[in-house]
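Scroll down for the structure; my scribbles are underneath it.
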Amino acid sequence: MQISVLLFVVLFVSQACEGSEQPQSCVTCPEGWTFWGSACYRFFNNPISTWIDAEASCNRYSLHQQGRRLVGHLATITSSEENTFVLDLWKTIRRDTHVWLGYNDRETEGTFVDVEGVSSQFTFWDQAEPNDSGGEDCVVMWNSDTNHDNGSWNDVPCEYEYAFVCKVVKPINLYIVDCNSHMV
Ligand SMILES: [Ca+2]
Ligand SMILES: [Ca+2]
Ligand SMILES: [Ca+2]
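At the far end of the sequence shown sits residue 1052, using the numbering used here, and the numbering has no gaps.
What follows is the structure, encoded as structure tokens:
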């Protein structure tokens, strides 16, 4: 675990920047991660995991910078554009039918929140979801014939094992570097 965290940090700071004239923001992500908005995203499906284990896996990736530790989490999605980005990225990698997102209603039935306890301003529930069918407290993006693979959301049992998508928020203003020196 220690090694993977260190590797992640090294990869972050070793990315080459575009252009070479002046110090600038680096907006690239480590190999295997994809930058969008102000975060890096990566899908995992080996092994597939329960919601809890998937979140723990995402937590292993973090960036230490200027006294702050930016920890990875299961991806939260706050806009239609972000949902489309995640869906498209997922489709380029593998056609899993379900992928864990960073929301659950384990604390208060019917109130879906992220690990910080915050509700998303954006939701994209599939028709008749969330339905807590038989006790469903964790959220997936799913592709099915009925939703025409549109990446809508469903609540499902947290102990099911699925692929998952991690997100490390990466404020650009924390990451101004001299691109010629490649030093933070
Ligand atoms: Ca419940
Ligand atoms: Ca529920
Ligand atoms: Ca459901």
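Quick reminder that beta carbons are idealized off the backbone N, C-alpha and C, glycines included. Quantities reported herein were computed from a predicted structural model and do not represent experimental measurements.
For residue i, the residue or residues it bridges with in DSSP
{"i": "residue 1030", "result": "917"}
{"i": "residue 930", "result": "939"}
{"i": "residue 1010", "result": "966"}
{"i": "residue 996", "result": "Per DSSP, none; premise fails for residue 996."}
{"i": "residue 910", "result": "1034"}
{"i": "residue 903", "result": "908"}
{"i": "residue 1021", "result": "993 and 1009"}
{"i": "residue 981", "result": "972"}
Residue i versus residue j: straight-line alpha-carbon distance, rounded
{"i": "residue 974", "j": "residue 1006", "result": "8 Å"}
{"i": "residue 955", "j": "residue 1000", "result": "23 Å"}
{"i": "residue 889", "j": "residue 1010", "result": "At residue 889, the pLDDT of 45 sits below 50, so the modelled position is not reliable and the matter cannot be decided from this model."}
{"i": "residue 969", "j": "residue 908", "result": "15 Å"}
{"i": "residue 1034", "j": "residue 943", "result": "5 Å"}
{"i": "residue 929", "j": "residue 977", "result": "29 Å"}
{"i": "residue 902", "j": "residue 1015", "result": "26 Å"}
{"i": "residue 939", "j": "residue 1028", "result": "24 Å"}
{"i": "residue 950", "j": "residue 1002", "result": "30 Å"}
{"i": "residue 985", "j": "residue 1013", "result": "32 Å"}
{"i": "residue 947", "j": "residue 924", "result": "24 Å"}
{"i": "residue 966", "j": "residue 936", "result": "33 Å"}
{"i": "residue 920", "j": "residue 1008", "result": "13 Å"}
{"i": "residue 898", "j": "residue 982", "result": "24 Å"}
{"i": "residue 900", "j": "residue 957", "result": "12 Å"}
{"i": "residue 1026", "j": "residue 998", "result": "13 Å"}
{"i": "residue 926", "j": "residue 979", "result": "23 Å"}
{"i": "residue 922", "j": "residue 916", "result": "8 Å"}
{"i": "residue 972", "j": "residue 1038", "result": "23 Å"}
{"i": "residue 996", "j": "residue 1017", "result": "16 Å"}
Member of the options whose CA lies at the smallest distance from the CA of residue i
{"i": "residue 1031", "options": "924, 964, 939 and 943", "result": "964"}
{"i": "residue 959", "options": "939, 921 and 911", "result": "911"}
{"i": "residue 945", "options": "987, 997, 900 and 996", "result": "987"}
{"i": "residue 914", "options": "961, 1017, 981 and 980", "result": "961"}
{"i": "residue 953", "options": "916, 905 and 998", "result": "905"}
{"i": "residue 1036", "options": "980, 941 and 922", "result": "941"}
Residue i: CB within 7 Å of a non-hydrogen atom of ligand 5
{"i": "residue 997", "result": "Of the ligands one can find in the structure shown, namely ligand 1, ligand 2 and ligand 3, none is ligand 5."}
Task: Validate contact between the region 986–994 and the region 1021–1030 using beta carbons, cut 8 Å, 3 pairs - done: yes
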